[in-house]
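Below is one structure; the comments refer to it alone.
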Amino acid sequence: MARESLTERVVRQIGTAIVRGDHPPDTALPVEPAIAAALGVSRNLVREAVKTLVGKGLLRTGRRAGTIVQPSAAWNLLDPDVLAWTLAAPALRDHLLAEIASLRSMIEPEVAALAASRASTVEILRLMEALEAMERHRDDPTSAVAADIGFHRCLFTASGHRLAMSLLPAFTVLLQANFDLAIQAQGAFDRNLAEHRAVALAIGAREPDRARAAMRRLLANNEDDLARIMAAQGEGAGKGR
11 MARESLTERV
21 VRQIGTAIVR
31 GDHPPDTALP
41 VEPAIAAALG
51 VSRNLVREAV
61 KTLVGKGLLR
71 TGRRAGTIVQ
81 PSAAWNLLDP
91 DVLAWTLAAP
101 ALRDHLLAEI
111 ASLRSMIEPE
121 VAALAASRAS
131 TVEILRLMEA
141 LEAMERHRDD
151 PTSAVAADIG
161 FHRCLFTASG
171 HRLAMSLLPA
181 FTVLLQANFD
191 LAIQAQGAFD
201 RNLAEHRAVA
211 LAIGAREPDR
221 ARAAMRRLLA
231 NNEDDLARIM
241 AAQGEGAGKG
251 R
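So the sequence shown is numbered by my numbering: it starts at 11 and just counts up by one.
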């Protein structure tokens, strides 16, 4: 992982505070000198961070109004940083995970069908290699999740759909959060491994309908695993009160 620069750290600190609700929507962010003093950085760094956060939809600037916090509807949720900050906020995570499952169900079955129609021989081989990596690391959750994400990256690439492929940075963040949670369900990885194999074999056989159906089964399993884990965590939180 690349080392975080000082500017990136300031962007993350201010962005996380906004997502967490420390600065309510439609209110002014504290002035540059106050933020700089609080974070122990220069005003120039704060200014650069604000520009970045304006680009991500978290802030807007006006000559008279100052720097205003945007409501969540204006945030660029396909920005990997915004996604990561949102997923790290307990009050927002569960709703976003549910939306992730819905987004995947809309996109990935068609991506799988396109891959079955368009994938080159090399791309199919890479998909099979990603599947083998999943099987090889099935007893190592960290490596298994990384291999699972690698499989989906190969899938998007094999689809040949440029707009879908442009979603990969955001989908990588989404999948990481999704799999980190879903893999906790008893037997989830082994069950989904079989569904991944079914997707890969359908693509290798160049059968779009079969690939689409296999991906739908995989996503249904994943959604069920997520629901069980989130319900269990909710019960655990209730007992701890």
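We put the beta carbon where it would ideally sit given N, CA and C, even for glycine.
On a predicted model such as this, the values are computed, not experimentally measured, just so you know.
- The beta carbon of residue 48 sits closer than 8 Å to those of 40, all from its chain and outside the five residues before and after it, given in chain order.
- Residue 101 has its alpha-carbon roughly 14 Å from the corresponding atom of residue 109.
- Taking C-alpha positions only, residue 183 is separated from residue 74 by approximately 37 Å.
- The Cβ atoms of residue 65 and residue 80 do not sit closer than 8 Å to each other.
- In the pairwise beta carbon analysis, the segment 172–192 is classified as touching the segment 143–163: at least three pairs are separated by under 8 Å.
- Rounded to the nearest angstrom, the Cβ distance from residue 123 to residue 221 is 5 Å, consistent with a contact under 8 Å.
- Here residue 121 is near residue 171, since their CB atoms are less than 8 Å apart.
- When DSSP states are grouped into helix, strand and coil, residue 70 belongs to the strand group.
- Residue 212 and residue 126 have their C-alpha atoms some 7 Å from each other.
- Judged by DSSP in its simplified three-state form, residue 241 adopts helix.
- Distance from residue 203 to residue 148 at the Cβ level is roughly 6 Å; contact confirmed, criterion being Cβ atoms closer than 8 Å.
- Beta-carbon to beta-carbon, residue 136 and residue 164 are separated by about 5 Å, close enough to satisfy the 8 Å threshold.
- Distance from the CA of residue 50 to the CA of residue 87, rounded to the nearest whole angstrom, comes to 28 Å.
- Taken in chain order, the complete alpha helix (DSSP H) segments of 4 residues or longer contained in the segment 109–159 are 131–146.
- Annotated three-state conformation of residue 28 is helix, per DSSP.
- Relative to the Cα of residue 133, the nearest Cα in the group 214, 175, 33 belongs to 214.
- A distance below 8 Å between beta-carbons, with the five flanking residues on each side excluded, links residue 179 to the following residues of its chain, in chain order: 90.
- In the DSSP assignment, residue 79 falls outside any alpha helix (DSSP H) and within the unbroken beta strand (DSSP E) covering 76–79.
- The beta carbon of residue 30 sits closer than 7 Å to the beta carbons of 99 from its chain, once the five residues preceding and following it are set aside; these are given in chain order.
- DSSP places residue 188 in the uninterrupted alpha helix (DSSP H) bounded by 178–192.
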